[in-house]
Amino acid sequence: MRSDLAEAARRGAEAMVRSMGASAVVLMIPAPPIAGDAGEELGLRSPEFQRLTLSPVAVRLKAKRAEVTVPADALELLLGVQGDGAVETAIRAVTTVLVGDEAYVLMATEAVASMGRACLYRLLLRLPPTEVV
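FYI, in the numbering used here the residues of the sequence shown are 165 to 297.
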């Protein structure tokens, strides 16, 4: 019974996010190195990135910050993980989050739980500092 209620909360959270606009953001994650490539093993090449489109999400912009609310199912499926703490560990690989044309830095990830299971995640973002030369 408890797992049924948790699953209902997860479905309800996804419906809520879809009703709030169902936007999309792009997560930039370093691509795994190519084995046997001497240049890459020595760090002579620029790293390549995987662009993972995360949808549906609800985005709230504030000055130099942004908050992205995403259903747990969508984030777990995209990252290929499931279970307590797995998303928080996997999301550490994200270097940049693209919201429209703006590139944000991921500052924190917060899980919103119901019945002991995450049903939503909040990604807290900020614009990177600009350098004045």
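All C-beta atoms in this analysis are idealised placements derived from N, C-alpha and C, irrespective of residue type, glycine included. The structure presented is a predicted model; accordingly, all values stated were derived computationally and were not measured.
- Message: For the alpha helix (DSSP H) containing L239, name the first residue and the last one.
- Response: 236 to 243 is the extent of the alpha helix (DSSP H) around L239.
- Message: With distance defined between alpha-carbon atoms, name the residue in P292, V263, K228 nearest to S219.
- Response: Checking every option, the nearest Cα to that of S219 belongs to V263.
- Which two residues bound the contiguous beta strand (DSSP E) that contains E274? Taken as a continuous stretch (DSSP letters only), the beta strand (DSSP E) holding E274 covers 266 to 278.
- Under 8 Å by Cβ, that's how I've got V261 and L289 pegged, so tell me the actual separation to the nearest angstrom. The Cβ separation is near 5 Å, so the contact holds.
- Item | Distance between R175 and L287 (C-alpha atoms, nearest Å) | About 19 Å.
- Just checking my contact of V258 with L191 at CB under 8 Å: how many whole Å lie between their CB atoms? With 8 Å as the limit, V258 and L191 qualify as a contact, their Cβ atoms being about 5 Å apart.
- Message: Just verifying my parser: in three-state terms, what is the DSSP assignment at T259?
- Response: In this structure, T259 counts as coil in the three-state DSSP scheme.
- Sequence-distant residues of its chain with Cβ nearer than 6 Å to A188 (five each side left out): These residues qualify, in order along the chain: T217, S219.
- Message: Rounded to the nearest angstrom, what separates A173 and R256 at their Cα positions?
- Response: One C-alpha to the other measures close to 26 Å.
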